[in-house]
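Read in order, the letters of the sequence shown correspond to residues 1460 to 1774 in this note's numbering.
For glycine and all other residues, C-beta sits at the position ideal for the given N, C-alpha and C.
Predicted model only: the values in this text are computed from it and were never measured.
These notes are about the structure you will find just below.
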Amino acid sequence: MVLGTASNVGKSLLAVALCRHLRSQGRAVAPFKAVNIALNSWVTAAGEEMGMAQAQQALAAGAEPESSMNPVLIKPGAGGRAQLVVRGRMAPELDPLSPDERRARLREVIREGYEQLAARYDTLVLEGSGSTAELNLAEEDLSNLSVARMSGASCILVADIERGGVFASLLGTFALLSQADKARFVGFVINKFAGDPAYFTEGVRLLEERSGLPCLGVIPVLPGLRLKDEDLLALPHPDEGAASGQVPGVRVAVVKLPHLSNFSDFVPLLGEPGVELRYVEHPADLGDVELVVLPGSKSTLADLAWLRAEGWADT
């Protein structure tokens, strides 16, 4: 099971790699993420919704994406509301339930999804959500250590060194776990390292010494890798669209709506040679772009009002 010190540290990508590697060894592999919170989703052949990341992991594993791989999907909406998708379908019948009743029902759904996959595949690659050590949510956890306990899976802890604070995030996360949960971990991975890994040899030694876990790998920054992201936290900086050292042939601007949805439809442009993709909020930021993309919205009327207020209607 791939767990992380925070959101967007690289859990999904590592799970993709593990799925592909295990498949190359001749195993029947499938991904599983109990709860995914994402703006973007994948629609299966059965017409059911699931997390984009789990669909990509399934394809890497040579498996057909299905909602059992992500039995609970939460899609944030406008006004702090969210759509709850259970087994690939909207679940309005859960709305009247109390939080405890809803949580108990979701635990059943998660267990059923896991058991269905475990009965059909040799190996499951599990992925957690966000941070592993959210103490205030420990009793309500549906997707991290509760799944590790249910499945008996061995765990890997992933930390992102690019954002800084890797020692505090990794060692702090591990220190907050119970002894029983610490025993589930077989090692840690340092992700998004820039430069020569040899310069981090001492860092690895210190982390191993203080955590008692082996380092399973130091993964470099992979700027050319363009997997479809699931939420706004993963949106690249507006200047990342143009390839380094190249003069863009086509400049594309995407209007960054407050309730932007399904940006996975245009993010692949980031990998196109000669294309510069930028995100803009105001018409004055357009500059000399040749194409403006108005993306999908989770709250059409609210975003329409925002567009008018910002002057887009007059552009």
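Asked	Found
Strand pairing of residue 1542, partner residues [DSSP]	1534
Range of the contiguous beta strand (DSSP E) that encloses residue 1463	1461 to 1463
Residue 1658 classed as buried or exposed, judged by whether at least 16 other C-beta atoms fall within 10 angstroms	exposed
Residue 1569 versus residue 1497 - alpha carbon distance	17 Å
Cα-Cα separation, residue 1487 to residue 1680	29 Å
Other residues of its chain near residue 1697: CB distance less than 7 Å, five sequence neighbours each side excluded	Residue confidence for residue 1697 is low, a pLDDT of 48 falling below 50, so the modelled location carries little weight and cannot support an answer.
Residues bridged to residue 1709 [DSSP beta-bridge criterion]	1734
Contacting residues, own chain, Cβ-Cβ under 8 Å from residue 1591 (five flanking each side not counted)	1462, 1463, 1464, 1603, 1604, 1616, 1632 and 1636
Separation of residue 1728 from residue 1700, as counted between CA atoms	No answer about residue 1700 holds up, because its pLDDT of 45 lies below 50 and its placement is not dependable.
Which of helix, strand or coil DSSP assigns to residue 1622	coil
Residue 1601 vs residue 1489 beta-carbon contact at 8 Å	no
Cutoff 8 Å; reference residue 1646; Cβ partners in own chain excluding five residues on either side	1615, 1616, 1672, 1673, 1674 and 1675
Simplified DSSP assignment, three categories, for residue 1473	helix
Cβ-based neighbour list, residue 1529, same chain, cut-off 7 Å, excluding 5 preceding and 5 following	1492, 1495, 1509, 1510 and 1513
Residues near residue 1702 in its chain [Cβ-Cβ closer than 7 Å; skip 5 each side]	Legend: pLDDT at residue 1702 = 45, less than 50; position of this residue unreliable, value from coordinates given subsequently. Excluding sequence neighbours, residue 1702 sits near 1732.
Simplified DSSP assignment, three categories, for residue 1691	With a pLDDT of only 47 at residue 1691, under 50, the local geometry of the prediction cannot be trusted, and the value read off the model is given with reservation. Here residue 1691 sits in helix by DSSP.
Rounded distance between the beta-carbons of residue 1618 and residue 1468, thought under 8 Å	6 Å
Residues of its chain near residue 1548, where Cβ-Cβ distance is below 7 Å and the 5 sequence neighbours each way are ignored	1507
Between the CA atoms of residue 1715 and residue 1747 - distance to the nearest angstrom	17 Å
C-beta atoms of residue 1582 and residue 1518 nearer than 8 Å	no
Residue 1745 vs residue 1768 beta-carbon contact at 8 Å	no
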